[in-house]
Structures are given as structure tokens and as C-alpha cells.
Amino acid sequence: PLSEMFGYTTVLRSLTQGRATSTMEPLEYRPLPPSMVKEVTAAGV
Numbered sequence: 014p015l016s017e018m019f020g021y022t023t024v025l026r027s028l029t030q031g032r033a034t035s036t037m038e039p040l041e042y043r044p045l046p047p048s049m050v051k052e053v054t055a056a057g058v
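Take 14 as the starting number for the sequence shown in our numbering and just add one per residue.
Structural data, given as C-alpha cells:
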């Protein structure tokens with residue numbers, strides 16, 4: 014999930030002394046399972 018990617022670029026750049034870059038593109042779309050819908054809704058995302 015996209016929510017797990019937050020902070021990834023920061024960590025990557027820190028590990029590479031600011032030299033790394035990254036890109037993301039969606040591979041596929043899948044609906045959220047009901048348990049995650051509740052989690053995302055509660056977080057206000």
C-alpha cells in the first residue's frame with residue numbers, strides 16, 4: 014500500500030548521502046479490504 018511508502022525516499026537519500034532518486038508508478042489497482050478501509054477512514058487519509 015502507498016501508506017507504507019511514506020518516508021522511503023527520505024531514508025533512501027539518507028543512506029546514499031543525498032545521491033539517490035526514486036520514482037513510483039502503480040502496478041495494479043486492488044480495492045482495500047474492509048479492515049483497511051476502517052483503518053484509513055479512522056486516520057483521516
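Think of the CB as a built atom: it goes at the ideal place given N, C-alpha and C, for glycine as much as any other residue.
- The C-alpha of residue 28 is placed about 17 Å away from the C-alpha of residue 36.
- Spatial neighbours of residue 31 in its own chain (CB-CB distance under 7 Å, excluding positions within 5 residues in sequence) are not present.
- Residue 21 carries a helical assignment under DSSP once its states are collapsed to helix, strand and coil.
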